[in-house]
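Its first residue numbered 0, the sequence shown is counted upward by one per residue in numbering that gives the first Met the number 0. This report refers to the structure that appears directly beneath it.
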Amino acid sequence: MVSDIESHEYLEYGTHEDAMYGTKLDTIRKIHAQGKVAILDVEPQVDGSLERLAKESDLLRQAYGHFFDLTVVNNDIEETIHTLETTLEALDNSPQWVPVSWVY
């Protein structure tokens with residue numbers, strides 16, 4: 000299987016519990032040659048630490064999300080900068096409420 004992977008004969012492949020699996024391109028071609036459409040349900044492998052990070056992020060959002068007014072996702076740096084500038088300008092130009100104990 001490794002040599003087939005290196006020869007780019009698989010559409011997708013991965014490992015699960017030390018066993019390799021995958022979908023060969025030839026299999027898809029044979030299905031199409033029969034006049035059928037191959038329907039694929041491919042799930043990308045996710046690193047365990049990435050899965051844990053996503054779960055922890057969701058837990059933190061559920062527990063503390065009400066303390067935040069805005070969440071900025073940095074997918075596009077220009078859009079992120081624009082969002083931050085616009086938000087900070089709006090905060091600077093509008094009255095803010097804080098508990099009196101924070102002031103005195």
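All C-beta atoms in this analysis are idealised placements derived from N, C-alpha and C, irrespective of residue type, glycine included.
Asked, Found
"Rounded to whole angstroms, what's the CA-CA distance from Thr86 to Lys23? Just pull it up for me.", "50 Å"
"Out of curiosity, what's the CA-to-CA distance linking Trp96 and Leu58?", "28 Å"
"Since I believe Leu10 is in contact with Ile27 (beta carbons under 8 Å), could you give me their beta-carbon distance rounded to a whole number of angstroms?", "6 Å"
"Across which residues does DSSP place His65 in a beta bridge pair?", "Bridge partners of His65: none, in fact."
"Mind checking who Asp11 pairs with in its DSSP beta bridge?", "Contrary to the premise, residue 11 reads as Glu rather than Asp in this sequence. Paired residues: Thr22."
"In three-state DSSP terms, what is Val1?", "helix"
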